[in-house]
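Here the structure is laid out as structure tokens; the discussion comes afterwards.
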Amino acid sequence: MTSLEERLGVRFRDRSLLLAALTHPSYANEHPSDPAPTNERLEFLGDAALSLVVAETLYQRFPEVQEGRLTEWRAHVVQGPTLSRVASARVDLGPALRLGRGEEQTGGRERDGNLERAYEAIVGALFLDQGIEAVREFVSRTLGEEFDQFEGEAAVLNAKGTLQEIAQDAGLGRPDYVVVSQDGPDHSRRFTVEVRVGGAAFGQGSGGSRQEAEKQAAMAALPALQQRLRRQTGTSTSDAGAPGAGIGA
14 MTSLEERLGV
24 RFRDRSLLLA
34 ALTHPSYANE
44 HPSDPAPTNE
54 RLEFLGDAAL
64 SLVVAETLYQ
74 RFPEVQEGRL
84 TEWRAHVVQG
94 PTLSRVASAR
104 VDLGPALRLG
114 RGEEQTGGRE
124 RDGNLERAYE
134 AIVGALFLDQ
144 GIEAVREFVS
154 RTLGEEFDQF
164 EGEAAVLNAK
174 GTLQEIAQDA
184 GLGRPDYVVV
194 SQDGPDHSRR
204 FTVEVRVGGA
214 AFGQGSGGSR
224 QEAEKQAAMA
234 ALPALQQRLR
244 RQTGTSTSDA
254 GAPGAGIGA
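For the sequence shown, this note's numbering assigns the number 14 to the initial residue and increments by one for each residue that follows.
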């Protein structure tokens, strides 16, 4: 078990839990006297623990992202293809699986379902062995790159909220998003949106939907508005009593 534990980055206190997590039902069927149970119950527990830790990680890491998108991201992280890929490429779990002869001969060590279920079972075993904090560390170590891929999208999602906050703090009201063009056939439309703050245009963005174009426009407008406000603060401090004066200049 030592080499597997090294790949997992975990040293189990009760190694019988790890042995059970690796035991496919086909092995138990062919070895009825083996004391290790199958990994099915541990998979059930691990599925719940994994979902909780992934949800917690997304909630804490992306505080500005709304529930609907967080739910989509969680589903992506815990889906079968993601877990089987991680179990194979990052942990090399296949060689450690305990399989029956028939399952072994039909490619069971590379089968996505077996790898996914074993990964979840290991999470369940780790939860029983060392608690939820150990699960957090294991998920961070093995699934960390899956969370990293959301950073760019989170920045775009946050842009509209940040732009609105800056504009309102400066007394300029809410940004106004105006569709300036729509191109392409109905099944593949391309929207271009301009965002205006205090009556002045600050950026444009394009996308396959109006919502996406608005997000891109907000991304473009943020640095332009921040620069304009800094310049006005530096040159017009005497006009501080007139918020937004000259914003279009």
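Built from N, CA and C at the ideal position, the CB exists for glycine as well.
Here the structure is a predicted model, which means the values were calculated and not measured.
Pull up the distance between the alpha-carbon of residue i and that of residue j, whole angstroms please.
i	j	result
ALA41	PRO50	7 Å
GLY219	VAL104	In the sequence on display, residue 219 carries Ser and not Gly. Rounded to whole angstroms, SER219 to VAL104 spans 40 Å at the Cα level.
GLY216	GLN177	14 Å
SER39	ASP60	21 Å
ALA213	GLN245	15 Å
GLN143	ARG26	8 Å
ALA147	GLU166	29 Å
PRO45	VAL78	50 Å
LEU141	LEU65	15 Å
ALA62	GLY93	15 Å
I need the DSSP call for residue i, collapsed to helix, strand or coil.
i	result
THR15	helix
SER29	helix
VAL78	coil
SER251	With a pLDDT of only 41 at SER251, under the threshold of 50, the placement of this residue in the model should not be trusted, and no figure is reported.
ARG149	helix
VAL210	strand
THR36	strand
ARG103	coil
Give me the Cβ distance between residue i and residue j, rounded to the nearest whole Å; I'm assuming they're in contact under 8 Å.
i	j	result
LEU58	ALA33	Actually they are not in contact, since the Cβ atoms of LEU58 and ALA33 sit about 11 Å apart, beyond 8 Å.
THR95	VAL152	No, THR95 and VAL152 are not in contact; Cβ-Cβ is about 12 Å, not under 8 Å.
HIS37	LEU112	5 Å
ALA234	VAL210	7 Å
VAL192	ARG241	With a Cβ gap of about 23 Å, VAL192 and ARG241 do not count as contacting.
Considering only DSSP beta bridges, list what residue i is partnered with.
i	result
VAL193	In the DSSP output, where bridge partners are listed per residue, VAL193 has none listed.
ALA41	Answer by DSSP bridge pairing: none, since ALA41 is not bridged.
SER219	THR205
Closest by CA to residue i, which one among the options?
i	options	result
LEU110	LEU35, VAL192, GLU227 and ARG209	LEU35
VAL67	GLU19, GLY22, GLU133 and ARG202	GLU133
LEU156	ARG187, PRO198 and ARG98	ARG98
LEU17	PRO188, ILE135 and VAL91	ILE135
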